[in-house]
Structure formats: structure tokens, C-alpha cells
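Worksheet for the structure shown next.
Written out as C-alpha cells, the structure is:
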């Protein structure tokens, strides 16, 4: 016995698997599918409901083709933000940084031979190095829960971003707030000396979290099916 | 049998066609498709799925505005209406298509300048 509701659910699942069609787009296509199904049922060409449904479904075309056409309509604005965030994240580690002006920086030079008492450490001339080296040194200096959280937060950028590109990630609702939280944690690292070391790279690094969080937030909104608030009864 | 209107022409005419149909009032995807078939006497063959990306593009460009509504059957349906910007675009499209149509008619010797 043909069950229209089950057939529609199966169709939606197949569309979601085969293409990156968002539920809003699928809502619209589903409305069309049902209308066409009713029309086909009334026609003499479709002897059974199953045949009518198959005709209506095939009439909509292949999921991948539809997805491509929707993409041409400029749907994934979140993807541009995500990629920009990734680029900033990568670039932030290549920015030149100074190492000698903070306790997070280069290890203090050993006291001169023969010195009776260890000399208090004074910054030597700052030496420019690559941002990732400065970051590694800084992370070595950052200890405690804040340091650990900050170091772990770097994993979020590639992991949640790749998850979003591959399909609807699990927990899409909390990934954007999580990234925003990670940015807040990293903001707590701010001290004049720390920022002085990492300089513009630090701000780019922070901005990358904001951009990826914004991208995922927009994506989550676009994925959300037409909500009740949007529907005018 | 070869289709009377090839796909490039169908694609090129999709914007003025949708905008023209929406001058008659708010409508939704399936209804717009039926209108296309009716107006063209079945000569313009639009695949069912093709219309929706077109509608989304028009909405992105601000030529139409969409809103969701619940049907009597409790189904979610998106209705589109023509915006002021869309009306302006339609006027320009109409002038363009009339110029093309007029020139072709003249070149084929069967028409008068419009």
C-alpha cells in the first residue's frame, strides 16, 4: 500500500544525502511535489499512486542538478565567510612577530659566566620570527586551564568548518556559540606584552574565530526550515 | 520530436516570463509553472525543478519578495510577489524583447516596426 507521507520523507532524505539542498529549499520543492502528485493522480496516465508519485518526483529533476542551480542563485554566502575565516586563521600564523619583549617570548639568555648572582632578565633586542614560532613559544608559556582551552580552540576552526562543508554537522546549533566562546577565551589572553609579541597576527587570529562563528551561524539559520514565526496563516 | 523552443531561449526568457506572471498578483512555484505552460500553449517546456533556482535568484536580486504561508492542507508554501524594482526590471526587459522581436519580424519580412 502506497504511503505518501513515507514516500515524501524518503524523498527528502535522499535529496539531503545526494545534494546540499537546505530544508527551506526542500520545503518549497516538497510543496511542488505534492501538488504535482495530486495532478498526476487525477490524470489517466498514472494508474497507481506510486506511479503518480514517481512521475512527480522525476519531474523535479536530479538532486545534484537542482543543488547546482540553487548554488548559482548565490545561496552559500556562509561559505565565503568560512573560507575568509580559514584564510585569516592561516595567515595569522605567518605574520612576523617579536619574541624578546615578554615572558611568553624567547627563553631569557643565560647569565654571563662568572656572574655571582643571576641577573634579572631584561629584554634584548626584539628579533622578528614567523608567527607560528612565536605562537608555539607563547603557548609554552601559557599554562593553566586558560592556556589549554586556548590551545584546544585552534582545533575548532578546521574541525567544525570541514564538518559544515561536508554536510549538516551534528550539533550545528552550538558550533557557532562554541566558536564565539573560544574567541572570548582567546581575548582573555590579551596583555600588552602578549599582543606586543604576536602583533597583527593576534588580531587576525581572533578575527578568524569571529568569521567562522558568523559563517556557521548564518549556515544554521539557512538550514533551519521555515519556522512558524515566518509563516503567515 | 524536437522541442520548438530550445533551452537557451527558455533560460533567457525566464526572468521576464516570471516577472510578467507576477504582475497578475502573488503566486507560488507550481502555479507559475502552470501559467507558463498555459501562456505558451505548451511550447515553453520548463522542467519543474528549474523554476525554483530562478525564483531564488530573482529574490536575491530584489526583483521579487517571498513569504511563507500555510495552505488549507497545513502545507508550507512560499508565495512570491513583484517588487518595485522588479516592475522596473520588467519594463526594461519588455522593451528589450520587443526590440528583438521587432527586428526579427522586420528581417523576416513579415512584420511591421513596433
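Residue numbers (my numbering), protein chains in the order written: chain H, -12 to 220; chain S, -11 to 102. The beta carbon of each residue, even a glycine, is placed where N, CA and C say it ideally should be.
Asked, Found
"Between residue 53 of chain S and the rest of its own chain, which residues show a CB-CB distance below 6 Å, the 5 nearest in sequence each way excluded?", "69 and 71"
"Quick check on residue 60 of chain H: does DSSP put it in helix, strand or coil?", "coil"
"In chain S, what lies closer than 7 Å to residue 22 of chain H by C-beta?", "18"
"Locate the alpha helix (DSSP H) running through residue 27 of chain H, then write down its first and last residues.", "10 to 29"
"For residue 53 of chain H, which residues in chain S fall below 9 Å Cβ to Cβ?", "37, 38, 40 and 41"
"Quick one: which residues of the stretch 55 to 82 of chain H get their C-beta closer than 9 Å to a C-beta of chain S? List them in chain order.", "55, 56, 57, 58, 59, 60, 61 and 62"
"Closest Cβ-Cβ distance between residue 25 of chain S and chain H: below 8 Å?", "no"
"My guess is that residue 118 of chain H and residue 162 of chain H are in contact by the Cβ rule of under 8 Å, so how many angstroms apart are they, rounded?", "About 26 Å separates the two Cβ atoms, so there is no contact after all."
"Take residue 175 of chain H as the anchor and find which of H:188, H:165, H:187 and H:193 has the nearest alpha-carbon.", "H:193"
"Would you say residue 3 of chain S reaches chain H, if we count a Cβ-Cβ gap shorter than 8 Å as a contact?", "no"
"Given this structure, state the Cα-to-Cα distance separating residue 187 of chain H from residue 132 of chain H, to the nearest angstrom.", "25 Å"
"With 9 Å as the C-beta to C-beta threshold (strictly closer), list the residues of the stretch -1 to 20 of chain H near chain S in chain order.", "11, 12, 14, 15, 16, 17, 18, 19 and 20"
"Just the Cα atoms here: how many angstroms apart are residue -11 of chain H and residue 37 of chain H?", "6 Å"
"Please look up how many angstroms separate the CB atoms of residue 195 of chain H and residue 169 of chain H, rounded, as I've assumed it's under 8 Å.", "So it is not a contact: roughly 10 Å between Cβ atoms."
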